[in-house]
Amino acid sequence: MSRRSGRTQSQARARAFALDPRLAIGVVLVVASVAGVVAIVAAADDSTEVYAAASSLTPGDRVMSSDLVIRSVKLNEATSHYIARGELPAEGFIATRPIEAGELVPTSSLGSHDGLSLTSVVVSPQGGLATSVTTGAAVDVWASAEAEEGGYGAPGVIIAGAVVVRLVEDDSLVSSAQGSAIELLVPRSRVARLLEAMANGDVLSVIPANLPAEG
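Just so you know, we're using my numbering here: the sequence shown kicks off at 1 and counts up by one.
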């Protein structure tokens with residue numbers, strides 16, 4: 001067999017292979033199978049992209065998108081309780097509660113820059129603190145003024161629903177010899193009343209605003 005006839009046969013086989021409809025059908029079936037699997041997986045994946053704290057945030061912090069990371073999680077019916085990707089205000093928000101690093105950002109933690117009306121104050125209550133008074137807890141501040149005839153008058157709530165920012169260490173300069181110092185997030189409108197009570201030497205008590213759930 002001549003070299004020319006050999007080349008002719010090889011070219012004929014190559015054309016037959018390239019034009020084989022079975023190969024084309026096989027390729028189409030493989031592509032369709034892959035596409036079907038991808039579609040099924042995409043349909044079954046009900047994950048939602050939401051924001052999480054890149055580092056620990058405390059009440060009063062101004063939070064921007066750079067302070068957050070995106071997490072893809074399955075929330076089911078709880079989706080509305082967290083900030084989904086694209087729902088973060090362009091100007092950021094004010095944290096109204098502690099958010100640990102990696103924790104999903106709940107919608108209840110968003111405060112407005114325009115409506116920022118809280119500030120932190122260190123208080124030294126007498127009589128110690130309940131074990132439930134921890135970071136993030138809601139507390140009421142009670143004050144009892146000294147009476148003219150001696151002793152102290154009936155206590156009353158001067159700040160309701162303050163938020164605990166942190167417990168101040170005992171070796172801090174702002175600690176009290178009579179009790180633990182505590183940093184609270186309080187409404188600015190009540191700061192003057194709190195400072196007045198502190199300046200007058202009123203007996204201050206910090207009481208949990210609600211009891212923690214057992215579990």
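Glycine included, C-beta positions come from ideal geometry on N, C-alpha and C.
Quick check on the burial criterion: 16 or more other C-beta atoms within 10 angstroms. Buried or exposed for residue i?
i: PRO89; result: exposed
i: LEU194; result: buried
i: LEU29; result: exposed
i: ALA162; result: buried
i: GLY111; result: buried
i: ALA181; result: buried
i: LEU173; result: Reliability of the predicted coordinates at LEU173 is poor, the pLDDT of 45 falling under 50, and no value is obtained from them.
i: VAL133; result: buried
Under the three-state reduction of DSSP, which class applies to residue i: helix, strand or coil?
i: ARG190; result: helix
i: GLU149; result: coil
i: VAL133; result: coil
i: THR107; result: helix
i: SER175; result: A caution first: SER175 carries a pLDDT of 41, below 50, which makes its placement in the model too unreliable to give a value.
i: GLY161; result: strand
i: SER205; result: strand
i: GLU196; result: helix
i: SER77; result: Here the sequence assigns Glu to residue 77, which means Ser is not the residue at that position. It is helical.
i: ALA138; result: strand
i: ALA53; result: strand
Just the Cα atoms here: how many angstroms apart are residue i and residue j?
i: GLN178; j: THR58; result: Low per-residue confidence applies at GLN178: pLDDT is 47, beneath 50, and the placement is therefore not dependable enough to give any value.
i: TYR51; j: ASP67; result: 10 angstroms
i: ALA216; j: SER47; result: As shown, the chain starts at 1 and ends at 215. That puts residue 216 outside it, with no answer to give.
i: GLU91; j: THR135; result: 26 angstroms
i: ASN76; j: ALA101; result: 23 angstroms
i: ILE25; j: ALA32; result: 10 angstroms
i: MET64; j: SER56; result: 13 angstroms
i: SER120; j: MET198; result: 15 angstroms
i: ALA218; j: ARG71; result: There is simply no residue 218 to check, as the chain begins at 1 and stops at 215 in what is shown.
i: THR226; j: LEU167; result: Since the displayed the chain opens at 1 and closes at 215, residue 226 lies outside it and no answer follows.
i: LEU217; j: GLY60; result: The structure shown has nothing for residue 217, since the chain only spans 1 to 215.
Tell me whether the beta-carbon of residue i lies closer than 9 angstroms to the beta-carbon of residue j.
i: VAL164; j: VAL139; result: yes
i: LEU184; j: VAL122; result: yes
i: GLY153; j: SER144; result: yes
i: PRO187; j: ALA137; result: no
i: HIS81; j: PRO106; result: yes
i: PRO125; j: VAL191; result: no
Hey, would you say the C-beta of residue i is under 8 angstroms away from at least one heavy atom of the ligand NAP?
i: VAL63; result: In the structure on display, the ligand NAP does not appear, and there are no ligands present to speak of.
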